[in-house]
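In this note's numbering, the protein residues as written are 169 to 515.
Ideal Cβ positions, reconstructed from N, Cα and C, are used throughout, including at glycine.
What you are looking at is a predicted structure, and each value in this text was computed from that prediction instead of being measured.
What follows is a short report on a single structure.
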């Protein structure tokens, strides 16, 4: 493998680690090829780019990056609870793949492919072959047609899977189709590519995206070790193209659910000019519940963050309510006002 190959996003994608046998050989851990691990991967396929795998430390199963991408026996433990679609996304689709829950915006699931299969994915149901998004022009055209005939929609969020794994020509066509709709004012792209496949952010891609502004880009850094020279450069290229980059972390048990880890992540994001936007409570998804911390744990962390770090670093801590009822803002305890008998409000 040459440096040229390593820096080629297509090489990275084509050489993803997909099987426990590969993983066991690379990590020199024979146990990773056991029947138990293979059973997890049969239910929930694995995929890890060589780049992301190179960020792991040799600290065993406790490594926070390893836990995000390695299979875990607990994914098959149905006693932990969870649902395939706890947010009822499928119930809010007027056409296949398009979630239209709020009057002014919708979310288009354009494909079902990611560079890394994050084990905490809230659309893990798609890994099992349920309701996959084919990522074809016809699929995208159906969603664009719904947007065009719905004048209340001013914002379209392009998600997946990962939209940046569409062919560049198809993504360009879809963005242009949406941009030609008079009432569409803002387009957002949600992608973890800057974190898991930063080589995907190329000058050619940025030049194409720039043509479709105003365009906003949301990514997902969950740990400060994911902020590398490569990921920082990917974000900088987007920013230099006039595309604001925001971060939507997920609060994950044993990965970032402590004050110090979260503080370091937020400081790191500020250093690379990525806005901390949301901190999501992990959704109650089947195969994911072992990642879910208590809500009160998140509120304690946010309370300490509010009192110790710059406002530029602070995300909004939110919970997507089950049943698709929207986001619930989770404020730290100390920010909740009290009303005195005289009617005064105390903070």
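- If you ignore the 5 residues before and after residue 445, its C-beta comes within less than 8 Å of the C-beta of 386, 414, 415, 416, 483 and 484, all in its own chain and listed in chain order.
- The closest CA to that of residue 187, considering only 179, 205 and 180, is found on 205.
- Listed in chain order, the non-local C-beta contacts of residue 369 below 7 Å within the same chain comprise 361, 362, 402, 405 and 406, local neighbours out to five positions each way being set aside.
- Counting along the chain, residue 436 sits inside the alpha helix (DSSP H) bounded by residues 427-439.
- With 16 or more other Cβ atoms from the protein chains shown falling within 10 Å of its own Cβ, residue 268 counts as buried.
- Counting the other CB atoms within 10 Å of its CB gives residue 304 a total below 16, which places it among the exposed residues.
- Judged by DSSP in its simplified three-state form, residue 251 adopts strand.
- Between residue 212 and residue 252, the alpha-carbon positions lie close to 12 Å from each other.
- Within the DSSP bridge table, the entry for residue 318 names no partner.
- At a Cβ-Cβ threshold of 7 Å, residue 265 and residue 301 count as neighbours.
- Beta-bridge partners of residue 484 (DSSP): 446.
- The Cβ atoms of residue 380 and residue 347 lie closer than 7 Å to each other.
- By the 16-neighbour rule on beta-carbons within 10 angstroms, residue 283 is buried.
- Counting the other Cβ atoms within 10 Å of the Cβ of residue 172 gives fewer than 16, which makes it exposed.
- Here residue 328 really is in contact with residue 280; their C-beta atoms are around 7 Å apart, less than 8 Å.
- Note on geometry: alpha-carbon atoms of residue 216 and residue 510 lie some 60 Å from one another.
- Excluding its 5 nearest sequence neighbours in each direction, residue 356 has C-beta neighbours in its own chain below 8 Å: 323, 324, 325, 326, 383, 384, 385 and 386, listed in chain order.
- Restricted to the segment 273-356, the alpha helix (DSSP H) segments that are unbroken, complete and at least 4 residues in length are 305-316 and 336-347, listed in chain order.
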